[in-house]
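Working notes, beginning with the structure itself.
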Amino acid sequence: MGLYPAFLDAGYGPEYFWELSLGEVSDLLESYARRKEHEQKKREAELKDQIMLLFNQAIQIGNVVGRLMDNKVAIRLPKEYYPELFGNEEEKTNFTEQEDAGDKRKLSPEMELHKARMDDFIFRHNMAMRERLARERGEENSGRNDTGTAASDHRGTDTGLL
397 MGLYPAFLDA GYGPEYFWEL SLGEVSDLLE SYARRKEHEQ KKREAELKDQ IMLLFNQAIQ
457 IGNVVGRLMD NKVAIRLPKE YYPELFGNEE EKTNFTEQED AGDKRKLSPE MELHKARMDD
517 FIFRHNMAMR ERLARERGEE NSGRNDTGTA ASDHRGTDTG LL
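Next comes the structure, spelled out in structure tokens:
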């Protein structure tokens, strides 16, 4: 391939080609080739990183599925896969130790709030389904309580989780 087509393939305009000397055109083409090579190496490195992440994720999923199949299999925590990221810091909630000791799992305040919201949503959804089914059957009282409040209202007005 000649210089002119290679110059155009590199993304430069035809007018620019005629304004440059032969050495400048050669330098631009070499620079273009280096940039392309660098971009290719970068893409390969990103692809390798993505492959490793997916492979690690598959191993971790396999570990959790193995735990579901056999309770004797210990769940490996992220700090076991990536010790350089987590160092020697102790984890506040270690679910595998709690399970072994028979303790109930401890949830963070955010998770407690999420759980309470999900409980409320489930209650309201189930009540709406019961009412719809009762209307379809032609029943007047669908089992809804007289106050019309959600079951989660029994928890009081404690907003400490918010």
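Everything in the sequence shown is counted per the working numbering, starting at 397 for the first residue and increasing by one.
Even for Gly, the Cβ is constructed at its ideal location relative to N, Cα and C.
As the structure is a prediction and not an experimental result, all values here were calculated from the model.
Whole-angstrom distance between residue j and residue i, CA atom to CA atom
i: phenylalanine 403; j: histidine 510; result: 59 Å
i: arginine 463; j: glutamine 453; result: 15 Å
i: valine 461; j: leucine 425; result: 53 Å
i: phenylalanine 451; j: glutamate 440; result: 16 Å
Same chain, Cβ closer than 8 Å to residue i, neighbours up to 5 away in sequence not counted
i: arginine 472; result: Gln456 and Asn459
Where residue i sits in the DSSP three-state scheme
i: serine 504; result: coil
i: leucine 424; result: helix
i: glycine 407; result: coil
i: asparagine 484; result: coil
i: leucine 473; result: coil
i: leucine 416; result: coil
Cβ neighbours of residue i in the same chain (closer than 7 Å, five flanking residues each side left out)
i: arginine 528; result: none
Residues near residue i in its chain [Cβ-Cβ closer than 6 Å; skip 5 each side]
i: arginine 531; result: none
i: tyrosine 477; result: none
Among the options, the one whose alpha carbon lies nearest that of residue i
i: lysine 432; options: Leu399, Met448 and Asp405; result: Asp405
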